[in-house]
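**Student:**
Chains as they are written, first to last, in my numbering: chain A, 5 to 117; chain B, 276 to 421.
#1: From the DSSP output, which residues share a beta bridge with residue 280 of chain B?
#2: Taking the alpha helix (DSSP H) that residue 313 of chain B falls in, what are its first and last residues?
#3: At a Cβ threshold of 7 Å, is residue 317 of chain B touching chain A?
#4: Where does residue 335 of chain B sit, in a helix, a strand or coil, going by DSSP?
#5: Within 7 Å of any Cβ in chain B, is that where the Cβ of residue 28 of chain A sits?
#6: Whole angstroms are fine: how far does the CA of residue 381 of chain B sit from the CA of residue 67 of chain A?
#7: Where does the unbroken alpha helix (DSSP H) through residue 382 of chain B begin, and where does it stop?
#8: Residue 347 of chain B to residue 320 of chain B, Cα distance in whole Å?
#9: So, at 8 Å on beta carbons, what are the nonlocal neighbours of residue 33 of chain A in its own chain, with the 5 sequence-adjacent residues on each side left out?
#10: Helix, strand or coil for residue 81 of chain A per DSSP?
#11: If the cut is a Cβ gap below 7 Å, which residues of chain B does residue 89 of chain A touch?
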């Protein structure tokens with residue numbers, strides 16, 4: 005399944021909806037999108053991963069890269085993920101301590117951290 | 276180990292295909308559904324590392340996967356590259372990890388997802404992974420041990 009990327013503004017946040025498979029082949033497209041969003045001045049980003057079918061370490065690396073980019077502008081990058089199989093990947097790599105991870109988009113948008 | 280052999284061109288576009296084929300074989304071998312996701316991740320990471328190694332060293336030879344039921348009760352997958360391989364970093368303390376590095380998470384995921392994993396050098400790098408076909412696999416001998 006191909007990667008799908010759609011973004012929209014929600015107040016002062018930018019929501020990036022990611023769907024499909026994020027792997028070593030498709031992750032560069034996600035990296036480009038994050039670089040583009042930050043380049044356009046979007047520093048408060050919520051990555052909605054509800055529709056992600058598969059995520060590998062390249063995808064994780066791209067998200068870490070995105071986090072570093074927004075932080076260099078005093079911004080934030082949080083994730084929406086409620087799928088156990090994806091959460092397990094964040095746990096094993098210790099990234100649950102690096103990203104704020106929310107169950108729902110509403111919860112992520114209400115988080116004022 | 277007897278099993279099905281798959282040769283993949285060293286192009287990351289084939290990682291998805293490898294994932295798909297091995298997943299179908301594992302399902303038919305009886306790997307429980309809840310372990311299929313673990314298998315997908317581990318195979319993807321091992322195949323991606325092997326392909327990246329070939330690309331980095333301009334090796335045009337295919338990478339080789341062999342997979343099937345091994346010993347009673349295990350589904351095994353080995354991924355062999357012909358390049359100089361990669362350095363299998365030891366298990367690390369995630370709290371001490373340097374998050375400035377955007378790579379290096381793959382081996383951590385392989386170790387975290389497979390029931391047993393071994394990294395051998397046999398020409399190139401061989402990554403051997405095993406997944407218990409039962410919920411409580413107890414045979415955790417390193418798969419490379421003879």
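Glycine included, each C-beta is placed from N, C-alpha and C at the ideal position.
**Tutor:** Here's the rundown:
#1: B/341
#2: 308 to 331
#3: no
#4: coil
#5: yes
#6: 14 Å
#7: 380 to 388
#8: 25 Å
#9: 7 and 9
#10: strand
#11: 312
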